[in-house]
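Protein chains: 2
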Amino acid sequence: MTDRLEVLPIHGIGEVTAGDDLAEMITSAAPWLADGDILVVTSKIVSKAEGRLVEVPADGPEREEARQHALAGETARVVARRGPTTIVQTHHGFVMAAAGIDASNVDKTHLVLLPEDPDASARELRAGLRDRGLDVAVIISDTMGRAWRNGLTDVALGAAGIEALLDHRGKLDPYGNELSLTQMAVVDELAAAAELVKGKTGRVPVAVVRGYPALITGDGPGVSVLIRDAASDMFGLGTAEARAEGLRAAATLPEPPHTGGRSRGETPLDGAPPAGPLAVDPAAAARALRTLGDLLTSSVLLADGIRLTPTGDGPAALIRTGAEAHRLRAALAAEGVRTEAVIDDEGVTLIYIDGAPE
Amino acid sequence: MTDRLEVLPIHGIGEVTAGDDLAEMITSAAPWLADGDILVVTSKIVSKAEGRLVEVPADGPEREEARQHALAGETARVVARRGPTTIVQTHHGFVMAAAGIDASNVDKTHLVLLPEDPDASARELRAGLRDRGLDVAVIISDTMGRAWRNGLTDVALGAAGIEALLDHRGKLDPYGNELSLTQMAVVDELAAAAELVKGKTGRVPVAVVRGYPALITGDGPGVSVLIRDAASDMFGLGTAEARAEGLRAAATLPEPPHTGGRSRGETPLDGAPPAGPLAVDPAAAARALRTLGDLLTSSVLLADGIRLTPTGDGPAALIRTGAEAHRLRAALAAEGVRTEAVIDDEGVTLIYIDGAPE
Numbered sequence: 006m007t008d009r010l011e012v013l014p015i016h017g018i019g020e021v022t023a024g025d026d027l028a029e030m031i032t033s034a035a036p037w038l039a040d041g042d043i044l045v046v047t048s049k050i051v052s053k054a055e056g057r058l059v060e061v062p063a064d065g066p067e068r069e070e071a072r073q074h075a076l077a078g079e080t081a082r083v084v085a086r087r088g089p090t091t092i093v094q095t096h097h098g099f100v101m102a103a104a105g106i107d108a109s110n111v112d113k114t115h116l117v118l119l120p121e122d123p124d125a126s127a128r129e130l131r132a133g134l135r136d137r138g139l140d141v142a143v144i145i146s147d148t149m150g151r152a153w154r155n156g157l158t159d160v161a162l163g164a165a166g167i168e169a170l171l172d173h174r175g176k177l178d179p180y181g182n183e184l185s186l187t188q189m190a191v192v193d194e195l196a197a198a199a200e201l202v203k204g205k206t207g208r209v210p211v212a213v214v215r216g217y218p219a220l221i222t223g224d225g226p227g228v229s230v231l232i233r234d235a236a237s238d239m240f241g242l243g244t245a246e247a248r249a250e251g252l253r254a255a256a257t258l259p260e261p262p263h264t265g266g267r268s269r270g271e272t273p274l275d276g277a278p279p280a281g282p283l284a285v286d287p288a289a290a291a292r293a294l295r296t297l298g299d300l301l302t303s304s305v306l307l308a309d310g311i312r313l314t315p316t317g318d319g320p321a322a323l324i325r326t327g328a329e330a331h332r333l334r335a336a337l338a339a340e341g342v343r344t345e346a347v348i349d350d351e352g353v354t355l356i357y358i359d360g361a362p363e
Numbered sequence: 006m007t008d009r010l011e012v013l014p015i016h017g018i019g020e021v022t023a024g025d026d027l028a029e030m031i032t033s034a035a036p037w038l039a040d041g042d043i044l045v046v047t048s049k050i051v052s053k054a055e056g057r058l059v060e061v062p063a064d065g066p067e068r069e070e071a072r073q074h075a076l077a078g079e080t081a082r083v084v085a086r087r088g089p090t091t092i093v094q095t096h097h098g099f100v101m102a103a104a105g106i107d108a109s110n111v112d113k114t115h116l117v118l119l120p121e122d123p124d125a126s127a128r129e130l131r132a133g134l135r136d137r138g139l140d141v142a143v144i145i146s147d148t149m150g151r152a153w154r155n156g157l158t159d160v161a162l163g164a165a166g167i168e169a170l171l172d173h174r175g176k177l178d179p180y181g182n183e184l185s186l187t188q189m190a191v192v193d194e195l196a197a198a199a200e201l202v203k204g205k206t207g208r209v210p211v212a213v214v215r216g217y218p219a220l221i222t223g224d225g226p227g228v229s230v231l232i233r234d235a236a237s238d239m240f241g242l243g244t245a246e247a248r249a250e251g252l253r254a255a256a257t258l259p260e261p262p263h264t265g266g267r268s269r270g271e272t273p274l275d276g277a278p279p280a281g282p283l284a285v286d287p288a289a290a291a292r293a294l295r296t297l298g299d300l301l302t303s304s305v306l307l308a309d310g311i312r313l314t315p316t317g318d319g320p321a322a323l324i325r326t327g328a329e330a331h332r333l334r335a336a337l338a339a340e341g342v343r344t345e346a347v348i349d350d351e352g353v354t355l356i357y358i359d360g361a362p363e
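In order, the protein sequences belong to chains Y and E.
Sequence positions in the first sequence follow the numbering used here and run 6 to 363.
Sequence positions in the second sequence follow the numbering used here and run 6 to 363.
Okay, structure coming up:
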């Protein structure tokens, strides 16, 4: 919290090409910079200075091919797709459309990739500015979409000289409530504030936030602390992709162990050992049977499983029993209940792998 | 884009209670407000003034019960759960943890709910300030988490007197590239900038952004335009929830129609009519069979389906054929290929519902 912020554009930074000294260009354009300032530098000029460009045909179908090839190179993992839009996780860990590859503000025969290591780039630029007598923080920013909100905002890709998170935990509000779960991603808010004076036509690639007393002595951990790890990511796959994964898992039952009564989001076939005793929802078997609706098979609930037998005679009835047994196994798996299937000449016994539901 | 922004806290707004006139409190605390200013008002004081509080026990297990009850009332749809964290979509359409219900900055016997209609609240406050001679925009802000990034930032819940999105589409960059897909959610960026001077202990619930020339004559469409509709939401369910839905869908095949070659994220059993001709991935059948690995059943690819017959003799072999037929149907469904199953005394024929893969 502070008393008054100013957000100031830096005009006059010209075109940036590979090998350019950004610290020099910035201080030349803004001799008014002062200790304590926070510089928000658009990642594009960092990429240009670092030569993080890829050559592509100016037009034609080969251009799109080249773009897809570049995207594949930048992609660690595809998160979701819909039509022409691909949301991926980059090697850095950022989740963004098209891995942040940008065709704007560059000539048509090039695409701009994200900096390879934005935190390192931020540290390098902070050091370069320190060499010129300035103790300033550096945030490297880029434009990103959001999962549930239209429109884009600028966020931080890299940072040096400032902590990414401002931790309010442990403080008290006026009612004596202890604030919890309140870590503000201030570098993202600073990036957003800076964007308001930048515009999108490239002529203001750097802005300064003045009056926010947040500089630290060292470089700090950078923006990497803002990247959610897989364990805390509830949206690691798009809904459609995850749903297809569930269907695929049904094809290859039994399910690996889950925590609680719900399927986990991780790769279902990783063979990881159970995390601990499985807490099976007591009503799971009943819910699973209700999911199926009317069965052509006779089902009997056992202490440790479910017995299914054909209701009619003949081969077709036996085949139907096998199909319905598998339906039921999928319905149980959806409730977090794993089963083994034992087939005999009279029917199928589904045995709960992790013991009976409690 | 503008030349210089200031972000100014408003000090001295005291405790807010139901029925308070926020326009009066704000202008009293900040007689320096001027036309063109953008006020960013923390939603909590709007909720307090509107009486959007719910009474709860100060402690004990009944407190958590009451909190859960309040959460249920504010929830239109559960998006994802993990441990104590529930991400829901509120009636407004916002996707946020605990529906934005807040226990901080209020006495222990109350919880604060989000305003019922933040855009309406913004319009009302703008009108109240206009009555006091001020032409200012009003943004109502709140703190939210993000899907793939740690930490929280402030975003806009409601707005009046300013467009939520600044549309750069159609503009040209210096290279003559036409900017596309670049709609900036400026009200979210303004909310983030304002938060930097507010802090979290409630003493600065309103901040002013000065120097951003974005006021419009009317109230504008508000923040509702920022809420993604279901059709464009690729993350409408958490990964674990969607995966369980896929397993559940496997239990109740056949699949409803999908767009493209991928399962859709919407409720699979809504019975909606097909959106149009289905584009089936040509390699889908082969991929599905590969997913299953070794089958104990004999499979033959037909022009319009797959024929499965037992490889051994006896009832158990027939049951196994039924189970494997269902596994295969789930694997095909995961690839977007819908099937009907026709069971006879010799085996199972899976018929592609939407025609053969192209």
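Quick reminder that beta carbons are idealized off the backbone N, C-alpha and C, glycines included.
Owing to the predicted nature of the structure, the values given are computational and were not obtained by experimental measurement.
inquiry  = Below 8 Å, how does it come out for the segment 309-323 of chain Y and the segment 297-314 of chain E: are there three or more Cβ pairs, yes or no?
reply    = At 8 Å Cβ cutoff, the stretches do not touch.
Neighbourhood of PRO123(Y) by C-beta distance below 6 Å, restricted to the same chain and skipping five residues each side:
The count along the first sequence starts at 1 and reaches residue 123(Y) at position 118. Result list for PRO123(Y): ILE145, LEU162, GLY163, in chain order.
task: With DSSP collapsed to three states, give me the class of GLY225(E).
output: As a first step, residue 225(E) must be located in the second sequence, where it is residue number 220. Coil, per DSSP.
Exercise. Can you have a look at ARG174(Y) and say buried or exposed, based on whether 16 or more other CB atoms are within 10 angstroms of its CB?
Key: As a first step, residue 174(Y) must be located in the first sequence, where it is residue number 169. Burial check for ARG174(Y): the Cβ neighbour count within 10 Å stays below 16, so the residue is exposed.
**Prompt:** Would you say TYR180(Y) reaches chain E, if we count a Cβ-Cβ gap shorter than 8 Å as a contact?
**Reply:** Counted from its first residue, the first sequence places residue 180(Y) at position 175. At least one chain E Cβ lies under 8 Å of TYR180(Y).
For GLU79(Y), which three-state DSSP category applies?
-> As a working note, residue 79(Y) is residue 74 in the first sequence. Looking at GLU79(Y) - three-state DSSP - the assignment turns out to be helix.
Using a cut-off of 8 Å between C-beta atoms, extract the partners of ALA291(Y) located in chain E.
Within the first sequence, residue 291(Y) is the residue found at index 286, counting from 1. Within chain E, no C-beta atom comes nearer than 8 Å to that of ALA291(Y); the closest sits roughly 14 Å away.
Taking DSSP as the reference, what is the three-state secondary structure of ARG86(E)?
Here residue 86(E) refers to the residue found at position 81 of the second sequence. Correct three-state label for ARG86(E): strand.
- prompt: Are PRO226(Y) and ALA142(Y) close, meaning C-beta to C-beta below 8 Å?
  reply: If you number the first sequence from 1, residue 226(Y) lands on position 221. If you number the first sequence from 1, residue 142(Y) lands on position 137. Against a cut-off of 8 Å, the Cβ pair of ALA142(Y) and PRO226(Y) comes out as no contact.
### Query
How about GLU11(E) and LEU201(Y): do their beta carbons lie closer than 8 Å?
Numbered from 1 along the second sequence, position 6 holds the residue referred to as residue 11(E). Numbered from 1 along the first sequence, position 196 holds the residue referred to as residue 201(Y). No, the pair does not count as a contact, with Cβ atoms beyond the cut-off.
- Task: Would you mind giving the Cβ-Cβ distance between ASP224(Y) and ASP140(Y), rounded to the nearest angstrom? I have them listed as a contact below 8 Å.
- Result: As a first step, residue 224(Y) must be located in the first sequence, where it is residue number 219. As a first step, residue 140(Y) must be located in the first sequence, where it is residue number 135. Contact doesn't hold; Cβ gap of about 12 Å is too wide.
Is there at least one Cβ from chain E nearer than 8 Å to ASP299(Y)'s Cβ?
Taking the first sequence and counting its residues from 1, one reaches residue 299(Y) at position 294. Output row for ASP299(Y): interface = no.
Distance between ALA152(Y) and ALA152(E) (C-alpha atoms, nearest Å) | Position 147 of the second sequence holds residue 152(E). Position 147 of the first sequence holds residue 152(Y). ALA152(Y) has its alpha-carbon roughly 7 Å from the corresponding atom of ALA152(E).
Quiz item: If you draw a straight line from the alpha carbon of SER89(E) to that of ALA108(E), how long is it in whole angstroms?
Solution: Reading the second sequence from its first residue, position 84 is the one you call residue 89(E). Reading the second sequence from its first residue, position 103 is the one you call residue 108(E). According to the sequence shown, residue 89(E) is Pro rather than Ser. Distance between the alpha carbons of PRO89(E) and ALA108(E): 15 Å.
Q) When the distance is taken between beta carbons, is ALA235(E) closer than 8 Å to GLY241(E)? A) Within the second sequence, the letter at position 236 stands for residue 241(E). Within the second sequence, the letter at position 230 stands for residue 235(E). It is a contact, given that the beta carbons lie within the stated cut-off.
**OP:** Determine, using beta carbons only, whether SER48(Y) comes closer than 8 Å to chain E.
**Re:** Along the first sequence, one-based indexing puts residue 48(Y) at 43. False, the Cβ-Cβ gap to chain E never drops below 8 Å.
For MET30(Y), three-class secondary structure by DSSP
Taking the first residue of the first sequence as position 1, residue 30(Y) is located at position 25. MET30(Y): helix per DSSP, three-state reduction.
- Query: Does GLU69(Y) come within less than 8 Å of chain E when only Cβ atoms are used?
  - Reply: Locating residue 69(Y) in the first sequence gives position 64, where the first residue counts as 1. Answer no: the Cβ-Cβ gap between GLU69(Y) and chain E never drops below 8 Å.
Are ALA104(E) and ASP159(E) closer than 8 Å when you measure CB to CB? As a position in the second sequence, residue 104(E) is number 99, starting the count at 1. As a position in the second sequence, residue 159(E) is number 154, starting the count at 1. Cβ atoms of ALA104(E) and ASP159(E): not closer than 8 Å.
- Task: Could you check which residue in GLY24(E), ASP8(E), TRP37(E) has the C-alpha nearest to that of HIS16(E)?
- Result: On the second sequence, residue 16(E) is found 11 positions in, with the first residue counted as 1. Residue TRP37(E) is the option with its Cα nearest to HIS16(E).
Segments assigned beta strand (DSSP E), at least 3 residues, entirely inside the segment 131-170 of chain E | Fully enclosed beta strand (DSSP E) runs of 3 or longer: 142-149, 158-165.
Taking 8 Å as the cut-off, decide whether the C-beta atoms of THR296(E) and ALA288(Y) are in contact. Walking along the second sequence from the start, residue 296(E) turns up at place 291. Walking along the first sequence from the start, residue 288(Y) turns up at place 283. Not closer than 8 Å, so no.
(message) Taking beta-carbon pairs under 9 Å, can you tell me which members of the segment 328-346 of chain Y lie near chain E?
(response) For chain E, the residues of the segment 328-346 of chain Y that bring a beta carbon within less than 9 Å of one of its beta carbons are ALA328, GLU329, ALA330, HIS331, ARG332, LEU333, ARG334, ALA335, ALA336, LEU337, ALA338, ALA339, GLU340, GLY341, ALA346, in chain order.
With a cut-off of 8 Å, does the C-beta of LYS53(Y) fall near any C-beta of chain E? Within the first sequence, the letter at position 48 stands for residue 53(Y). At a cut-off of 8 Å, the C-beta of LYS53(Y) has no neighbouring C-beta in chain E.
Let me confirm a value: VAL371(E) is counted as buried when at least 16 other C-beta atoms fall within 10 Å, else exposed. Which label applies?
Nothing about residue 371(E) can be reported from this structure: the residues present for chain E run from 6 to 363 only.
(request) Excluding the 5 residues preceding and the 5 following THR114(Y) in the sequence, name in chain order all residues of the same chain whose CB lies nearer than 8 Å to its CB. (result) As a first step, residue 114(Y) must be located in the first sequence, where it is residue number 109. Around THR114(Y): GLU60, VAL61, PRO62, ALA63.
Checklist entry - If you measure from the beta carbon of GLY243(E) to each beta carbon in chain Y, is any gap under 8 Å? => result To locate residue 243(E), count along the second sequence from 1; it is residue 238. Taking 8 Å as the CB threshold, GLY243(E) lines the interface with chain Y.
With 8 Å set as the bound, which would you pick, yes or no: does the beta-carbon of PRO36(Y) sit closer than that to a beta-carbon of chain E?
Within the first sequence, numbered from 1, the residue matching residue 36(Y) stands at position 31. No, because no Cβ of chain E sits closer than 8 Å to the Cβ of PRO36(Y).
Tell me, which residues are paired with ASP107(E) by DSSP? Working through the second sequence from its first residue, we reach residue 107(E) at position 102. In DSSP, ASP107(E) forms a bridge with VAL117(E).
Exercise for the section: Compute every distance between the C-beta of GLY150(E) and the non-hydrogen atoms of the ligand MN, then say whether any falls below 7 Å. Expected result: As far as ligands go, the structure on display features none, and thus does not contain the ligand MN.
task: Could you tell me whether any Cβ in chain Y is nearer than 8 Å to the Cβ of VAL100(E)?
output: Here residue 100(E) corresponds to residue number 95 of the second sequence, with the count starting at 1. At least one chain Y Cβ lies under 8 Å of VAL100(E).
Compare the C-beta of ALA378(Y) with all C-beta atoms of chain E and state if any pair is closer than 8 Å. For chain Y, the structure presents residues 6 to 363; residue 378(Y) sits outside this window and is missing.
### Message
I'd like the span of the alpha helix (DSSP H) that includes PRO320(E), first residue to last.
### Response
Position 315 of the second sequence, counted from the first residue, corresponds to residue 320(E). Note, PRO320(E): alpha helix (DSSP H), 320-339.
Helix, strand or coil at ALA39(Y) [DSSP, three-state]: As a working mapping, residue 39(Y) is identified with position 34 in the first sequence. Under the three-state reduction of DSSP output, ALA39(Y) falls in the coil class, being neither helix nor strand.
Exercise. Report the three-state DSSP secondary structure of HIS263(Y) (helix, strand or coil).
Key: The sequence position of residue 263(Y) within the first sequence is 258, counting from 1. No answer about HIS263(Y) holds up, because its pLDDT of 45 lies below 50 and its placement is not dependable.
Check your understanding: Closest to GLY322(E) by CA distance: which of ARG334(Y), GLU351(Y), LEU301(Y), GLY341(Y) is it?
Key -> On the second sequence, residue 322(E) is found 317 positions in, with the first residue counted as 1. Reading off the sequence, residue 322(E) comes out as Ala, not Gly. It is GLU351(Y).
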